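Asker:
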Amino acid sequence: MYVAVKGGEAAIDAAHAWLAEERRGDPAVPELGLDQIAQQLGLAVDRVMAEASLYDPELAALALKQAQGDVIEAVFLLRAYRTTLPRLGVSLPVDTGAMQIDRRISAAFKDLPGGQVLGPTYDYTHRLLDFTLAAHGEPPTPPCAVPQAGAMPRVLDLLADEGLIEREMPPADETGAVPDLTREPLAYPAGRALRLQGLARGDEGFLLALAYSTQRGYGRNHPFAGEIRQGQVTVEVEVPELGFAIEIGEITLTECQMINQFKGDAERPAQFTRGYGLVFGRGERKAMAMALVDRALRAEELGEAIQGPAQDEEFVLSHADNVEASGFVQHLKLPHYVDFQAELQLVRALRAQRPEEQREAAE
Amino acid sequence: MSGAEGYNFAYLDEQTKRMIRRALLKAVAVPGYQVPFASREMPLPYGWGTGGIQVTAAVLGRDDTLKVIDQGADDTTNAVSIRRFFARTAGVATTTATAEATVIQTRHRIPEQALTEDQILVYQVPIPEPLRWLEPRETESRMLHALGDYGVMQVELYEDIAIHGKIKRAYDYPVEVAGRYLTSPSPIPKFDNPKLGDCPALQLFGAGREKRIYAIPPHTPVRSLDFEDHPFSLDHPGVPCAICGDTESYLDEIVTDDRGGRLFVCSDTDHCQSRQKEHGHAA
């Protein structure tokens, strides 16, 4: 008699043991330390922190190690940890204007107060494999960057002073709770604050493709990279008992402000509008993509024709989360015997009731 | 003993459980209505039953006995994994016997054995919105529910009959709950639909990725959509279970060789095994 094999306890245990062995690799090769990952694979750590919405380089490094470098799996691990953490309070808005700058560029002005600061960028490297790295050699030490002192005004504020770009208006009521899509189910229309939260934790690849689509005619919005800045900001919380704000730490952020054309309408003269991107760590590609998609999603607010998926809030927000997407796509490998059986019976029934001659013609 | 170190009983913190219980109460008060809830990220992937797991975590008490099935079986890998999750995080008793369980979490099936008033059946739901394939937008489908405007579904079913002579839905067959809301029964085969109505057990549905909870309270009327001249009907392969001989249970088809050999056996493993014990059939 045939006995149905349906996996079971032993199979799971064996799979996990095999996985642990694969993860470790050859025991003769030294094991990776979390400090090595956090220091030497820092951009991967940054991406995991950004998409997991949790700023903790050490835990992100652990997640990457546990996931064998699979970024989405690492994001998932960190998210599943984050979700259990109590919300002790809400920080004050961080002031990116007061950022301790590592990098700051504008594609809109050749020179500007504070200057252009390239910082540690791959932008102008030649993508030639560096075999000295493979040979455990160290590349020549470049001149050390001098931390930027002095004021570094936001590029877009310079335009706003002239009235050429819309002003970023704070919400009418700033005292209310900050909306949080990880604590409340998302309802549409979501509004810009929640949209930005969704984009900030959204999948970089998805946002990159959507942003790219706006550049190829699916919701064109004529962007200029007004300013990209990267560096450290302090995080402050107001403690009710003290009555003033205290610093609780410093985080690295990348901010992108796009300047986009707006033709004007009956009520508003022609002026530039904004798209905004902000991500944890040095996620410049993501910050730029986010800014393009943010601006595309403002189409309705600005009375523009909706011509592409990047302009459709429900489409973008319901599909940007890579933990959701990865889970649902991969759940197809779970057993579906029961439904498939029901479909088999249906197809057989549909075929059986077809007239004989039709069936013959089809075959 | 609360289970896994560093985590609350049944994994979720009490504030989250309270939020889920409030959604459950609303769902029971408005049968078939999809209540939005602040679904948490769970340590199991979306699509693996995060909605059902959150509902189970919210209703589970220390004295409960939990059964978990997937495709009707207790020994499918995902059922094993979820049962272990609660054994580890809640330390509750688990069982494979339908009659012994107080909470049953399921994916894609309703147990063959009739449930009782002392039991809760928790369904894992991938797509809670029955109108999703007809209207992908949440903003639109919520409006259609508010208006009770289900013409689009009736037309869909009518077109199936006009073109194919029968309704082409073998699973996730839409139902009307308590004469009001059009509801997805989750991807159970339509064979199981008659068990949804007038069920003594409380039926709770959790969709984690889609952040929705809904319920069919005990003894609620549930109608599978049909037409007067095309009443709802069931498909059955017309053979008994090859192991226990049952002619009325839902059967899995097993391919036994590459020459067209097929065997039909009960999808509900507990049902099949208890029949084997009763009737002395050898497996």
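These protein sequence lines are chains A and B, in that order.
Under this note's numbering, think of the first position of the first sequence as 1, with each following residue one higher.
Under this note's numbering, think of the first position of the second sequence as 364, with each following residue one higher.
Note that the Cβ used here is the ideal one computed from N, Cα and C, for glycine as well.
Note that the structure is a prediction, hence the values are computed from the model and not measured.
Apart from the five residues on each side of it in sequence, which residues of its chain come closer than 6 Å, Cβ to Cβ, to B:Ser504?
Answerer: The residue given as residue 504 of chain B occupies position 141 in the second sequence. Counting only Cβ-Cβ distances below 6 Å, and skipping sequence neighbours, we find Glu492, Leu494 and Glu498.
Asker: Identify whether B:His634 lies in helix, strand or coil by the three-state DSSP scheme.
Answerer: Working through the second sequence from its first residue, we reach residue 634 of chain B at position 271. If DSSP states are grouped into helix, strand and coil, B:His634 belongs with the helices.
Asker: What are the residues of the region 326-338 of chain A that lie near chain B, defined by any Cβ-Cβ distance shorter than 9 Å?
Answerer: Cβ contacts with chain B: Ser326, Gly327, Phe328, Val329, Gln330, His331, Leu332, Leu334, Pro335, His336, Tyr337 and Val338.
Asker: Taking only three categories from DSSP, how would you classify B:Pro489?
Answerer: As a first step, residue 489 of chain B must be located in the second sequence, where it is residue number 126. Looking at B:Pro489 - three-state DSSP - the assignment turns out to be coil, as it is neither helix nor strand.
Asker: Does chain B have any CB closer than 7 Å to the CB of A:Arg103?
Answerer: As a first step, residue 103 of chain A is located in the first sequence; it is residue number 103 there, counting from the start. So no, A:Arg103 is outside the interface.
Asker: Taking only beta-carbon atoms, is A:Glu284 less than 7 Å away from chain B?
Answerer: For the purposes of this step, residue 284 of chain A is identified with residue 284 of the first sequence, where counting begins at 1. No, A:Glu284 lies away from the interface with chain B (no Cβ there is under 7 Å from its Cβ).
Asker: Thinking C-alpha only, which one of A:Leu92, A:Glu267 and A:Leu344 is nearest A:Ala177?
Answerer: Translated into the one-based positions of the first sequence, residue 177 of chain A becomes position 177. Per the Cα distances, A:Leu92.
Asker: Would you mind sorting A:Gln40 into buried or exposed? The rule is 16 or more other CB atoms within 10 Å of its CB.
Answerer: Residue mapping note: residue 40 of chain A aligns to position 40 of the first sequence, counting from 1. Result: exposed.
Asker: Going straight from the alpha carbon of A:Ile248 to that of A:Gly281, what length do you get?
Answerer: The residue you call residue 248 of chain A lines up with position 248 of the first sequence. The residue you call residue 281 of chain A lines up with position 281 of the first sequence. C-alpha separation (whole angstroms): 17 Å.
Asker: Does any CB atom of chain A fall closer than 7 Å to the CB of B:Val443?
Answerer: Taking the first residue of the second sequence as 1, we reach residue 443 of chain B at position 80. True, the Cβ-Cβ gap to chain A drops below 7 Å.
Asker: Specify, as a first and last residue, the run of the alpha helix (DSSP H) that A:Pro212 falls within.
Answerer: The residue you call residue 212 of chain A lines up with position 212 of the first sequence. One point to set straight first is that residue 212 of chain A is Tyr, not Pro, in the sequence displayed. That run of the alpha helix (DSSP H) goes Glu204 to Gln215.
Asker: Is B:Asp438 close to chain A? Criterion is C-beta to C-beta, closer than 7 Å.
Answerer: Here residue 438 of chain B refers to the residue found at position 75 when the second sequence is read from its first residue. It does: the Cβ of B:Asp438 has a partner Cβ on chain A nearer than 7 Å.
Asker: Please list, in chain order, the chain B residues whose beta carbon lies closer than 7 Å to that of A:Arg183.
Answerer: What you label residue 183 of chain A is simply residue 183 of the first sequence in a count that begins at 1. Correct list: Ala401.
Asker: I need the DSSP call for A:Phe244, collapsed to helix, strand or coil.
Answerer: Counted from its first residue, the first sequence places residue 244 of chain A at position 244. In this structure, A:Phe244 counts as strand in the three-state DSSP scheme.
Asker: Below 8 Å, how does it come out for the region 207-219 of chain A and the region 291-311 of chain A: are there three or more Cβ pairs, yes or no?
Answerer: Touching, yes.
Asker: Look up B:Thr502 in the DSSP assignment and say whether it is helix, strand or coil.
Answerer: As a working mapping, residue 502 of chain B is identified with position 139 in the second sequence. DSSP places B:Thr502 in helix when its eight states are reduced to three.
Asker: Using a Cβ-Cβ cut-off of 6 Å (strictly less than) and excluding sequence neighbours within five positions of A:Gly97, which residues of its own chain qualify?
Answerer: As a position in the first sequence, residue 97 of chain A is number 97, starting the count at 1. Only Arg154 meet the Cβ criterion.
Asker: Check distances from the C-beta atoms of the region 408-422 of chain B to those of chain A and list, in chain order, the residues that come in under 8 Å.
Answerer: The residues in question are Pro408, Tyr409, Gly410, Trp411 and Thr413.
Asker: How about B:Thr413 and B:Gly571: are their beta carbons less than 7 Å apart?
Answerer: Residue mapping note: residue 413 of chain B aligns to position 50 of the second sequence, counting from 1. Residue mapping note: residue 571 of chain B aligns to position 208 of the second sequence, counting from 1. Contact flag set, yes.
Asker: How about B:Tyr536: is its C-beta nearer than 7 Å to some C-beta of chain A?
Answerer: Within the second sequence, the letter at position 173 stands for residue 536 of chain B. No, its Cβ sits nowhere closer than 7 Å to a Cβ of chain A.
Asker: Counting C-beta neighbours from all protein chains within 10 Å, is the total for A:Ala52 16 or more, i.e. buried, or is it exposed?
Answerer: Counting from one through the first sequence, the residue named residue 52 of chain A turns up at place 52. Flag for A:Ala52 reads buried.
Asker: Taking 7 Å as the limit between beta carbons, can you name the residues of its chain near A:Ala299, skipping five residues before and five after?
Answerer: Sequence index remark: in the first sequence, residue 299 of chain A carries index 299 (1-based). Cβ within range, chain order: Gly219, Ile306 and Gln311.
Asker: Mapping DSSP to helix, strand and coil, what is B:Asp376?
Answerer: Taking the second sequence and counting its residues from 1, the one referred to as residue 376 of chain B is at position 13. Of the three classes helix, strand and coil, the one that applies to B:Asp376 here is coil, per DSSP.
Asker: Does the distance from the C-beta atom of A:Ala383 to that of A:Leu85 stay below 7 Å?
Answerer: The displayed coordinates of chain A run from 1 to 363. Any statement about residue 383 of chain A would go beyond what the structure contains.
Asker: Tell me whether the region 378-390 of chain B and the region 412-427 of chain B touch, counting them as touching only if at least three CB pairs, one residue from each stretch, are closer than 8 Å.
Answerer: These segments touch.
Asker: I'd like the span of the beta strand (DSSP E) that includes A:Gln100, first residue to last.
Answerer: Position 100 of the first sequence, counted from the start, is the residue given in the question as residue 100 of chain A. First-last of the beta strand (DSSP E) with A:Gln100: Gln100 to Ile105.
Asker: With DSSP as the reference, please indicate the residues paired to A:Val29 in a beta bridge.
Answerer: Indexing the first sequence from 1 puts residue 29 of chain A at position 29. DSSP output for A:Val29 lists no bridge partner at all.
Asker: Given 8 Å as the limit, is there contact between the region 232-246 of chain A and the region 329-349 of chain A, that is, 3 or more CB pairs closer than that?
Answerer: With a cut-off of 8 Å, the region 329-349 of chain A and the region 232-246 of chain A do not count as touching, because too few Cβ pairs lie within range.
Asker: Does the region 194-202 of chain A come into contact with the region 320-329 of chain A, if we say contact requires no fewer than three beta-carbon pairs (one atom in each stretch) closer than 8 Å?
Answerer: With the cut-off at 8 Å, the region 194-202 of chain A and the region 320-329 of chain A touch.
Asker: Do B:Ala386 and B:Ile606 come within 7 Å of each other at the CB atom, strictly closer than that value?
Answerer: Taking the first residue of the second sequence as position 1, residue 606 of chain B is located at position 243. Taking the first residue of the second sequence as position 1, residue 386 of chain B is located at position 23. Against a cut-off of 7 Å, the Cβ pair of B:Ala386 and B:Ile606 comes out as no contact.
Asker: I need the straight-line Cα distance from A:Ala193 to A:Val90, nearest angstrom please.
Answerer: As a working note, residue 193 of chain A is residue 193 in the first sequence. As a working note, residue 90 of chain A is residue 90 in the first sequence. C-alpha separation (whole angstroms): 15 Å.
Asker: State yes or no: is the beta carbon of B:Gly569 nearer than 7 Å to at least one beta carbon in chain A?
Answerer: Within the second sequence, the letter at position 206 stands for residue 569 of chain B. Not an interface residue.
Asker: B:Pro406 touches chain A at which residues, Cβ-Cβ below 7 Å?
Answerer: Working through the second sequence from its first residue, we reach residue 406 of chain B at position 43. Result: Ala80.
Asker: By Cβ distance below 6 Å, which residues in the same chain neighbour B:Val431 in space, the five residues on each side in sequence not counted?
Answerer: Counting from one through the second sequence, the residue named residue 431 of chain B turns up at place 68. Result list for B:Val431: Ala442, Ile445, Arg446 and Gln468, in chain order.
Asker: So the alpha helix (DSSP H) A:Gly42 belongs to, where does it begin and stop?
Answerer: As a first step, residue 42 of chain A must be located in the first sequence, where it is residue number 42. Element bounds for A:Gly42: Gly42 to Ala52.
Asker: Alpha carbon to alpha carbon, what distance is there between B:Glu519 and B:Glu539?
Answerer: Translated into the one-based positions of the second sequence, residue 539 of chain B becomes position 176. Translated into the one-based positions of the second sequence, residue 519 of chain B becomes position 156. Near 15 Å, if we compare the C-alpha coordinates of B:Glu519 and B:Glu539.
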